[in-house]
């Protein structure tokens, strides 16, 4: 069961296809219904998930956030507004030690803190008898105004987990997959063990039809045989009475091959080559193999293992050799320059060409006002650039989002105070955490399973004019994934759109009065050697029919202050509008008319 999950959108397959894959193909052992956005009462938000909960009674299911609410909704519980919306905040969890929480502490100061992103909850008082409450947290106390269905909470415990009385169905309102949730990995390990245990204890699992192709010695013509087997028992497929394949229960990871030597068979059919061609095709056939034994034993020295594409046991394993032609750009060498008179000058670059160019670029002088406001120590080679997503020659994919910025102080004391204020800011940490979890998901779609990590989480980096809160997410790109696939997975950047999912963007579009237009993008490079380094354009000036417009905004979360958000928006628009103002001043004398809209 240590295999990566298969991610399916909630409108990508029909219910019938999901049931076929679960019960007929037995392609999956369990189902996780992932977070939203939206409400389980809206079909656009929940897709086929309600039907999966209704019809998959004997399949282990774990609902997370929206999936948790769907589990309650499908059994008649009410889904109401939470006492307060929670975006990227941590809460302590109390639970009843049921199987999903095995080995996890409970209660205040226990260390079991989880990350929450939601504004809806299941009303605990409306739970039907078949659903059992298993986890809770305490309301933070910052209630929502003008919402009628939150008045009954008044600081009471908020439901954070449920389980079905008879079915292997569980739900948690929080996010066990978040980088900041404690014991999240243990919860998924518990769910895996529950899946194994449930399968072994329920022998009523449907039979699977297995179709086997073989050639009998008596006639030499291919035949087919249909057999049935149960996943929880052992059976044998008898083929022409000369070999057996033992099929074990699904929790056993090996197959025993029983074989029998048939004397004089090779000579009767004209040699081993004819046998291979008859069964699997000639040497031009796709994905065929012929392996001779490495054994020197007299009885097995010529034991051959032949096969080809097809069958339930067929798998293809590819090993890719490292490209030995990759050269490091940091190696030293010689730099020769020739002037117009033909004179050649040769220098030894001990540190490599890139370091040489780096030093040359830094030798250019700029006044402080030329780079004021940029989140790095400026020099000419990196004008207006801060990397967001990069892929190196070894396949390491790295994202480095910035969420949270504050100006440097005028004195050492003020500067340190501002740095600590940013570091401890709940709002900025919540925003940064949301983007980190988003990018872990984005990189997880294109990286090797288990390779995505966060070596630096919400660290404060200080530059000439600003302090910033920066996180670093890394992963090893899968060998079958292209650089373009990586870019497609990470863009449009959630830090700019505020909408990590298609459904989120649809909801935002319905709330905003006008189209955003082209307000973001990326600048960087894609190299012939399958690497890239890209940023996110955070401000764009659009000039159309004599009018210049600048789009600016900010992340709105539950902790946002409207006045502060407005001031931040105007601050973000200040620099590009100043550029436009300077341009309009310079062209006024030419009689041209340029209007500026913000």
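Numbering (UniProt numbering), first residue to last: 1 to 598.
Note that the Cβ used here is the ideal one computed from N, Cα and C, for glycine as well.
**OP:** Could you tell me if residue 56 is buried or exposed, where buried requires 16 or more neighbouring beta carbons within 10 angstroms of its beta carbon?
**Re:** buried
Original post:
According to DSSP, which residues form a beta bridge with residue 13?
Top reply: According to DSSP, which records beta bridges pairwise, residue 13 is partnered with nothing at all.
**OP:** Please confirm whether residue 82 and residue 120 have their CB atoms less than 8 angstroms apart.
**Re:** yes
Original post:
Distance, Cα to Cα, residue 522 vs residue 537?
Top reply: 5 angstroms
Subject >> Best match in 427, 358 and 129 for proximity to residue 88 [C-alpha to C-alpha] >> reply: 427
**OP:** Pick helix, strand or coil for residue 142, following the three-state DSSP scheme.
**Re:** Caution is warranted here: a pLDDT of 45 is assigned to residue 142, below 50, making its placement in the model unreliable, and no coordinate value can be reported.
Original post:
Roughly how far, in whole angstroms, is the beta-carbon of residue 481 from the beta-carbon of residue 469, given that I think they are within contact range, below 8 angstroms?
Top reply: Between residue 469 and residue 481 the Cβ distance is about 29 angstroms, and since that is not below 8 angstroms, they are no contact.
Subject >> Reference residue 311, options 11, 19 and 25, closest by Cα >> reply: 25
**OP:** May I ask you to list the residues that DSSP assigns as paired with residue 474?
**Re:** Looking at the DSSP assignment, residue 474 forms a beta bridge with 398 and 453.
Subject >> residue 509 versus residue 516: straight-line alpha-carbon distance, rounded >> reply: Near 9 angstroms, if we compare the C-alpha coordinates of residue 516 and residue 509.
**OP:** With DSSP collapsed to three states, give me the class of residue 442.
**Re:** helix
Original post:
Touch check for the region 165 to 180 and the region 65 to 75: three-plus C-beta pairs under 8 angstroms?
Top reply: yes
Subject >> Whole-Å CB distance - residue 32 paired with residue 50, under 8 angstroms assumed >> reply: Residue 50 and residue 32 do not touch by the CB rule: their CB atoms are close to 15 angstroms apart, not below 8 angstroms.
Subject >> residue 487 vs residue 436 beta-carbon contact at 8 angstroms >> reply: no
Original post:
How many whole angstroms separate the CB atoms of residue 307 and residue 162, which I take to be in contact at a CB cut-off of 8 angstroms?
Top reply: Actually they are not in contact, since the Cβ atoms of residue 307 and residue 162 sit about 48 angstroms apart, beyond 8 angstroms.
Subject >> Those residues which DSSP pairs with residue 292 across a bridge >> reply: 304
**OP:** May I have the straight-line CA-CA distance separating residue 442 from residue 7, to the nearest angstrom?
**Re:** 12 angstroms
Original post:
Straight-line CA distance for residue 391 to residue 495?
Top reply: 19 angstroms
Original post:
Exposed or buried, residue 327, counting other C-beta atoms within 10 Å across all chains shown (16 or more means buried)?
Top reply: Here residue 327 scores only 47 on pLDDT, less than 50, and its place in the model is too uncertain to base an answer on.
**OP:** Compute the Euclidean distance between the alpha carbons of residue 189 and residue 287, then round it to the nearest angstrom.
**Re:** Taking the straight line from one Cα to the other gives about 36 angstroms.
Original post:
In angstroms, rounded to a whole number, what distance separates the CA positions of residue 60 and residue 21?
Top reply: 14 angstroms
Subject >> Neighbour-count burial assignment, residue 289, 16 or more Cβ in a 10 Å radius >> reply: Exposed, because fewer than 16 other Cβ atoms sit within 10 Å of the Cβ of residue 289.
Original post:
Cα-Cα, which of 191, 279, 106 and 285 is closest to residue 182?
Top reply: 106
Original post:
Would a C-beta distance cut-off of 8 angstroms place residue 534 and residue 388 closer than the cut-off?
Top reply: yes
**OP:** Could you say which of 103, 112 and 85 lies nearest to residue 93 if we only look at CA atoms?
**Re:** 112
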